[in-house]
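Trainee: All residue numbers for the sequence shown refer to this note's numbering, where the first residue is 1031 and numbers rise by one.
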Amino acid sequence: MRVIGGKLRGRSLPTGKNLEGLRPISGRIKQSLFDILKERVGGSRFLDLFAGTGAVGIEALSRGASLAVFIELDRRHLEMLEANLALAGLKDRSRALRGNVVDDLCWVPFRSGIAQYDLIFTGPPYKDLEKRPLAMTVPSLKRIVAADLLAPGGWIICQHQVKEPVEAVAGLEMFRQVKYGDSFLSFFRRPSAAGSTGSGAP
């Protein structure tokens, strides 16, 4: 895993290739994501769900996010994530927490100390260990809304497989979608965000 922008640009960190069930974000998708987010990352509160090795949140911190919280269920992945944060010198601006995103997120403000986030990235696995398709994006969006984690004017970005049916849930609207091979990046905001910020779309 290589950091592609910001203060840590060019820094390589372990990817956990031997960890079962881990699917790191590709460099191409990560580059495109942060090209879109470049005006929003600096000073932001960033939440990285299904964090894996922490590639997305670490990139956000390198590019000036004030703080990043990482949520990961697998203990092995969480250990690697914590090791990567330490190697990158980011422990003081980050928190790595263990939890099941699709079960509940109402605990996040209490354990992280942050009530709401300006940018939320969710990149759930596409398939289980038996290669059966999963569909965890919409349940994740519902948990984010139920926990009221998105700050006014904030964005949620979901990376998901193109065959997975994904649409806005109550309290959110999809305003952008970009395709990369077998993946989509889908962007969501509160319905009032465009009006309150002048222009919610990039």
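For each residue, glycine too, the CB sits at the ideal point set by N, CA and C.
How many angstroms separate the CA atom of Ala-1177 from the CA atom of Asn-1130?
Mentor: In a straight line, the C-alpha of Ala-1177 is about 13 Å away from that of Asn-1130.
Trainee: Between which two residues does the beta strand (DSSP E) containing Lys-1209 stretch?
Mentor: 1203-1210 is the extent of the beta strand (DSSP E) around Lys-1209.
Trainee: Could you tell me how far apart the beta carbons of Ala-1090 and Phe-1080 are, in whole angstroms, since I believe they sit closer than 8 Å?
Mentor: With a Cβ gap of about 15 Å, Ala-1090 and Phe-1080 do not count as contacting.
Trainee: Just the C-alpha distance for Arg-1123 and Leu-1097, rounded to the nearest angstrom, thanks.
Mentor: Distance between the alpha carbons of Arg-1123 and Leu-1097: 5 Å.
Trainee: Leaving aside the five residues before and after Gly-1040 along the sequence, list all residues of the same chain whose C-beta is less than 6 Å from its C-beta, in chain order.
Mentor: Within the same chain, Gly-1040 has no close Cβ partners at all.
Trainee: Glu-1102 by DSSP, collapsed to three states: which one?
Mentor: Looking at Glu-1102 - three-state DSSP - the assignment turns out to be strand.
Trainee: When burial is assigned at 16 or more other CB atoms within 10 Å of the CB, is Arg-1162 buried or exposed?
Mentor: Under this definition Arg-1162 is an exposed residue.
Trainee: Quick check on this structure: which residue in Ser-1056, Pro-1044 and Glu-1069 has the alpha carbon closest to the alpha carbon of Gly-1036?
Mentor: Of the candidates Ser-1056, Pro-1044 and Glu-1069, the one whose C-alpha sits nearest the C-alpha of Gly-1036 is Glu-1069.
Trainee: Buried or exposed, going by whether 16 or more other CB atoms sit within 10 Å of the CB of Arg-1141?
Mentor: Exposed: under 16 other Cβ atoms inside 10 Å.
Trainee: For Leu-1028, tell me which candidate among Asp-1133, Gly-1082 and Gly-1201 has the shortest Cα-Cα distance.
Mentor: Summary: the structure shown does not reach residue 1028, with the chain confined to residues 1031 through 1232, and so no result is reported for it.
Trainee: Quick one: measure Cβ to Cβ for Ala-1126 and Leu-1111, integer angstroms, because I've assumed they're closer than 8 Å.
Mentor: Confirmed, about 5 Å.
Trainee: When we look at the beta-carbon of Arg-1093 and count the other beta-carbons within 10 Å, is it buried (16 or more) or exposed?
Mentor: With 16 or more Cβ atoms within 10 Å of its Cβ, Arg-1093 is classed as buried.
Trainee: Could you check whether Arg-1219 and Gly-1184 sit closer than 8 Å to each other, using their CB atoms as the reference points?
Mentor: In contact: Gly-1184 and Arg-1219 (Cβ atoms closer than 8 Å).
Trainee: Quick one: residues in its chain with C-beta nearer than 8 Å to the C-beta of Val-1168, no 5 flanking neighbours on either side, listed in chain order?
Mentor: Same-chain partners within the cutoff: Pro-1195, Val-1196, Glu-1197 and Val-1199.
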